[in-house]
Amino acid sequence: MAESAEKTTLIDCNLLVAKALARAGVDHMFGVVGIPVTSLANRSVALGVRFIAFHNEQSAGYAASAYGYLTGRPGILLTVSGPGCVHGLAGLSNAAANAWPMVMISGSCDQKDVGRGDFQELDQLAAVKPFVKFSVKAKHINEIPNSVFSVLDHSGSGRPGGCYLDIPADVLHQTLTESEATKLLDDAECNRITESVTNIPNDKIAKAISLIRKAERPLIVFGKGAALARAENEIKDLVEKTGIPFLPTPMGKGLLPDSHELAATAARSLAIGKCDVAVVVGARLNWLLHFGEPPKWSKDVKFILIDIDEGEIELRKPELGLVGDAKGIVKVLNKEIKDDPFCFGRSHPWIEAITNKVKENVSRMEGQLGKVVVPFNFLTPMRIIRDAIIGLGSPAPILVSEGANTMDVGRSVLVQMEPRTRLDAGTWGTMGVGLGYCIAAAVASPDRLVVAVEGDSGFGFSAMEVETLVRYQLPVVVIVFNNGGVYGGDRRNPEDITGPYKDDPAPTSFVPGAAYHLLIEAFGGKGYLVGNPDELKSALTESFSARKPAVINVTIDPYAGAESGRMQHKN
Ligand code: ADP
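Add 72 to the 1-based position in the sequence shown for this note's numbering, that's all there is to it.
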């Protein structure tokens, strides 16, 4: 085609969206196609954006949120209008709760039919409002490039979160010429938001160093904000240069290996209960960290909070707040310490107390784990899984974990040796994230195996996505702890089993002995049913080396766990 003809060739809005996404470096999109976004997905694929097609926008949304966390670039969810958008809110809200970068793009009904009861009509901007940092409706094809870049940039800037782009069906059908498209894309690119570098005033850095140096019982806590910042090397430096023990939050686990000699995870209560200065890097003092308050923390503890979000510092009112990117700030702290070094040696009473407590608790736990209990409790199969995962070495698999007892026990038993290798129910305690997270992890880190350890209840939320695993041949092994229900067997008091529906199964019960392993076989994946250590070991060996989609259905004693796991106090 002659050059001038090429410039006057008309392209439609679907292709323009795809061009904008590809130009912004988007490489994956998760979603469910249908009216009016199918062509948008196809056009994107043609431009090199991989589209992972799910059964339900909820799982696809969870995948997009986790992809944002794992890669540090917004994960993209594509949905149809109305109900598709509503299902996608699960992912968007999960991104907001966890502070992960994600963008939801939804088609919406024809603008001229708004308010007249159009097909799948919904005020989608109003629906997403509680869950987004920024949202925009592209009312004309000319607005597409700016809108696409804006949602991407807002979602990743400052504290990451979800953003939303609404594209009405009539806009998706509009056209313009190639040269108009290129000009719009070029202009929009010039207007992109660039993150400014924060400089922390010297006096604040000096105060931080002085607080740490003078502390008698210091502790370094880090969370998924530090993981997002990829601050692992800087935190390792800080820990090792100063000799201060550290405590990761559940998803901070792995930034430094759990086996590190200064890991205080196994002495958590002592570490947080007695520390006098806590440097908290990229972790909120929310419920997961007991709000930083007594009785779990000492009332006199001085917090140094390092967070990208100024609002977080204002909310928590720490002794000292350092606002900015964790990696940059910890690097500055390290530099200052290097000029005038200090180190809490192994024989320092605080370090000795932590180390002794860790040894004591680990040996008690290993005693429990060493027992072979069949029918399986939670500990026996978890220890076998731990050993199999450790046996894989590096690159370590990404562990996906959800469930009440399964996740609680897994958090203590399974070890993380590498950064960003743990995805769990997170800040919101969201159940149903498992399969979406597995799929995101597999495509974000193709060199790693993905191992999910899930309760049967958590698995059930998105079990149909095992077909997605098989369709894309993803290296994911899903291990289902099958205790026959939410928390396992029926634990109701006899006086609660009355009334006309008393013979119904308990609200916590599922079909006993459900054959979850057969679900994946329906699609050509591999299923295993295991009930004893030999069967479990053999299923793990085979599935880990095959690196193909598999479900291992582990029969667990229905009365082995506790109702609400470790959170009975909130029940
Ligand atoms: P966890 O669940 O691991 O405790 P949270 O999700 O509660 O972690 O907290 C993560 C914190 O990290 C949030 O307050 C967020 O603002 C912050 N954060 C996100 N990105 C960065 C970054 N690049 N540097 C510093 N802090 C960050």
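Note that the Cβ used here is the ideal one computed from N, Cα and C, for glycine as well.
CB of residue i within 8 Å of CB of residue j, strictly
| i | j | result |
| --- | --- | --- |
| His159 | Glu193 | no |
| Phe221 | Ala96 | yes |
| Ile511 | Leu546 | yes |
| Arg376 | Val349 | As written in the sequence, residue 376 is Ile, which differs from the Arg given in the question. For Ile376 and Val349, yes; Cβs fall inside 8 Å. |
| Gly189 | Met174 | no |
| His589 | Ile624 | yes |
| Ser178 | Thr151 | yes |
| Val351 | Ile409 | no |
| Gly133 | Asn166 | yes |
| Tyr631 | Gly561 | yes |
| Phe416 | Ile423 | yes |
| Pro202 | Ser153 | no |
| Phe126 | Val104 | yes |
| Ile457 | Val525 | yes |
| Gly551 | Val505 | The residue you asked about is not Gly; residue 551 is Ile in the sequence shown. It is not a contact, given that the beta carbons lie outside the stated cut-off. |
| Val204 | Ala338 | no |
| Gly315 | Leu342 | no |
| Glu490 | Gly326 | yes |
Member of the options whose CA lies at the smallest distance from the CA of residue i
| i | options | result |
| --- | --- | --- |
| Leu521 | Leu541, Ser534 and Ala535 | Leu541 |
| Gly228 | Phe191, Gly179 and Ala301 | Ala301 |
| Asn305 | Ser473, Trp172 and Ile401 | Ile401 |
| Gly233 | Ile284, Pro240, Met176 and Asp258 | Met176 |
| Ser116 | Ala94, His127 and Thr427 | Ala94 |
| Thr493 | Asp330, Leu291 and Lys313 | Asp330 |
| Arg356 | Gly106, Gly393 and Gly557 | Gly393 |
| Cys235 | Asn271, Ser251, Lys211 and Ala168 | Ala168 |
| Pro31 | Val558, Ser282, Ala514 and Pro240 | Because the chain spans 73 through 643 in this model, residue 31 falls outside it and cannot be assessed. |
| Gly556 | Glu537, Val446 and Phe531 | Phe531 |
| Gly596 | Lys313, Ala622 and Ile551 | Ala622 |
| Ile124 | Glu539, Leu612 and His226 | Glu539 |
| Gly501 | Lys346, Asp480, Pro584 and Ala524 | Asp480 |
| Leu360 | Lys296, Ala253, Ala336 and Lys371 | Lys296 |
| Leu507 | Glu537, Ser517 and Leu451 | Glu537 |
| Lys313 | Gly324, Ile292, Ile551 and His100 | Ile292 |
| Phe450 | Ile239, Val485 and Lys374 | Val485 |
| Lys609 | Met454, Pro273, Gly364 and Pro155 | Met454 |
Neighbourhood of residue i by C-beta, 7 Å cutoff - its chain only, sequence neighbours within 5 removed
| i | result |
| --- | --- |
| Leu256 | Asn214 and Pro217 |
| Lys308 | Leu328 |
| Phe616 | Ala460, Leu464, Leu521 and Val549 |
| Arg564 | Ala578 |
| Ile385 | Leu377, Asp379, Gly393 and Val395 |
| Thr81 | Thr249 and Glu250 |
| Ile381 | Note that residue 381 is Asp in the sequence shown here, rather than Ile. Excluding residues within five positions, the ones whose Cβ falls inside 7 Å are Gly230 and Arg231. |
| Pro155 | Gln192 |
Counted within 10 angstroms of its Cβ, other Cβ atoms place residue i as buried (16 or more) or exposed
| i | result |
| --- | --- |
| Ile344 | buried |
| Cys181 | buried |
| Gly140 | buried |
| Gln440 | exposed |
| Ser419 | exposed |
| Gly147 | buried |
| Tyr573 | exposed |
| Val444 | exposed |
| Gly571 | exposed |
| Arg436 | exposed |
| Ala241 | buried |
| Gly442 | exposed |
| Gly633 | buried |
| Lys184 | exposed |
| Pro518 | exposed |
| Val200 | buried |
| Ile281 | buried |
| Pro421 | exposed |
Beta-carbon contacts of residue i that lie in its chain and below 6 Å, excluding the five residues immediately before and after
| i | result |
| --- | --- |
| Phe553 | Thr478, Gly527, Val626 and Ile628 |
| Pro322 | Arg483 and Asp496 |
| Val353 | Phe294, Ala298, Ile378 and Ala398 |
| Gly498 | Asn170 |
| Leu244 | Cys85, Asn86 and Pro108 |
| Phe363 | Leu357 |
| Glu391 | Lys374 and Phe375 |
Supposed close pair residue i, residue j - CB separation, criterion 8 Å
| i | j | result |
| --- | --- | --- |
| Gly475 | Ser529 | 7 Å |
| Ser111 | Ser534 | About 27 Å; that fails the 8 Å criterion. |
| Lys209 | Leu197 | 6 Å |
| Phe191 | Ala136 | With a Cβ gap of about 25 Å, Phe191 and Ala136 do not count as contacting. |
| Tyr559 | Thr580 | 5 Å |
8 Å Cβ shell around residue i - same chain, five flanking residues per side excluded
| i | result |
| --- | --- |
| Val446 | Thr452, Gly603, Asn604 and Pro605 |
| Ile113 | Contrary to the premise, residue 113 reads as Ala rather than Ile in this sequence. These residues qualify, in order along the chain: Met101, Gly103, Val105, Phe123, Ala125 and Leu150. |
| Ser370 | Gly345, Lys346, Cys347 and Asp348 |
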